[in-house]
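In my numbering, the protein residues as written are 19 to 337. Please read the structure below before turning to the comments.
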């Protein structure tokens, strides 16, 4: 019988060795956790609670509802869980705080104009604060090479619209929010904002990396992504209304995971946790990792103790 580690014990080590230090400082990691249905449900809840307590943006993906073999669908599923307006307001607060302004009285979750709140807190006129803020946004957002151009442009416009927001009438950037969240994926919707790159199989990875970078730019320590991929390994279609993956789709999903592992250093301040079942590592399972050797060799633990589980291993079994 393969040894397991209790979820709480594993979380304690993950918090201490990763979330409190390595991830918070900008590092990234991809972890695989094998658990049965009950333990997996508990894991997702506890990881989410811990992440939110530490200030992380917690994002979830479920293969039963999201096409996890399509990178563009992964981006839109993640992006739709982000409050982009809140990220823009938090970014403004961070930039002005670093400039030396008092921002204690400004609540980024309030509907009040964020620049007016900062101006009041510093006894300054709003136009003066706007004048100070514009070059900061240009240098730290518009010109930041760590983000894909489309996300840089989108975030710049979101910040600009938060500077001008009055809280009355329709929000001027709703079309931009709809495009980022996948409500309307047509590139023509945002072309007048000088965004010309569509989100597709080729570009999606850069959009994901840039979105996660925006989370840290807004002042969060990072992101925690929990991906439940057990649905991918069903050998037959249960026809229950949820997604079913053919063998080719399963291999595509494994390739996406392999790409995340190989490019982990590009995921700024992020922990990707793949919550999966025992079939994933079963050599005889029709949809296990044996389908895609390139992923298997990156995840498998060649050297392990017979009696003690290594809690910082890339793959652990939880109970």
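Every residue gets a Cβ at the ideal spot worked out from N, C-alpha and C, and that includes glycine. All values reported here derive from a predicted model rather than from experimental measurement.
Beta-carbon proximity of residue i to residue j, cut-off 9 Å
| i | j | result |
| --- | --- | --- |
| residue 49 | residue 333 | yes |
| residue 285 | residue 226 | yes |
| residue 287 | residue 41 | yes |
| residue 330 | residue 35 | yes |
| residue 199 | residue 98 | yes |
| residue 180 | residue 120 | no |
| residue 29 | residue 68 | yes |
| residue 276 | residue 316 | yes |
| residue 281 | residue 223 | yes |
| residue 139 | residue 215 | no |
| residue 221 | residue 159 | no |
| residue 289 | residue 240 | yes |
| residue 319 | residue 46 | no |
| residue 213 | residue 172 | yes |
| residue 161 | residue 170 | yes |
Span separating the alpha-carbon of residue i from that of residue j
| i | j | result |
| --- | --- | --- |
| residue 54 | residue 37 | 24 Å |
| residue 20 | residue 337 | 11 Å |
| residue 31 | residue 238 | 21 Å |
| residue 245 | residue 86 | 9 Å |
| residue 166 | residue 326 | 43 Å |
| residue 24 | residue 302 | 26 Å |
| residue 117 | residue 305 | 53 Å |
| residue 143 | residue 228 | 33 Å |
| residue 124 | residue 132 | 6 Å |
| residue 203 | residue 274 | 21 Å |
| residue 96 | residue 136 | 30 Å |
| residue 260 | residue 113 | 43 Å |
| residue 62 | residue 56 | 10 Å |
| residue 33 | residue 335 | 17 Å |
| residue 84 | residue 279 | 20 Å |
| residue 157 | residue 88 | 33 Å |
| residue 141 | residue 22 | 58 Å |
| residue 122 | residue 253 | 55 Å |
| residue 148 | residue 39 | 35 Å |
| residue 111 | residue 134 | 12 Å |
Residue burial classification, residue i (beta-carbon count within 10 angstroms, cutoff 16)
| i | result |
| --- | --- |
| residue 90 | buried |
| residue 311 | exposed |
| residue 338 | Because the chain here runs from 19 to 337, residue 338 falls outside it and cannot be looked at. |
| residue 201 | exposed |
| residue 266 | exposed |
| residue 146 | exposed |
| residue 231 | buried |
| residue 78 | buried |
Contacting residues, own chain, Cβ-Cβ under 7 Å from residue i (five flanking each side not counted)
| i | result |
| --- | --- |
| residue 247 | 81, 86, 271, 292, 294 |
| residue 104 | 126, 127 |
| residue 296 | 52 |
| residue 250 | 81, 86, 263, 268, 271, 305 |
| residue 76 | 66, 69, 70, 242 |
| residue 175 | 191, 194, 211 |
| residue 150 | 117 |
| residue 60 | 25 |
| residue 298 | 52, 251, 306, 307 |
| residue 300 | 306 |
| residue 115 | 121 |
Residues near residue i in its chain [Cβ-Cβ closer than 8 Å; skip 5 each side]
| i | result |
| --- | --- |
| residue 178 | 155 |
| residue 314 | 307, 308 |
| residue 27 | 329 |
Own chain residues within Cβ distance below 6 Å of residue i, not counting five before or after
| i | result |
| --- | --- |
| residue 193 | 207 |
| residue 255 | 262 |
| residue 258 | none |
| residue 58 | 293 |
| residue 217 | 90, 93, 225 |
| residue 236 | 105, 108, 109 |
| residue 164 | 231 |
| residue 189 | none |
beta-carbon residue i near the ligand FAD non-hydrogen atom, thresh 8 Å
| i | result |
| --- | --- |
| residue 82 | Ligands displayed in this structure: none; no statement on the ligand FAD is therefore possible. |
Entirely enclosed beta strand (DSSP E) segments - the region 203-283, minimum 3 residues: 241-246
Minimum length 4: unbroken alpha helix (DSSP H) runs contained in the region 37-73: 55-71
Segments of 3+ residues assigned as beta strand (DSSP E) that fall wholly inside the region 288-320: Counting only runs of 3 or more, we get 288-294.
Minimum length 3: unbroken beta strand (DSSP E) runs contained in the region 75-163: 75-80
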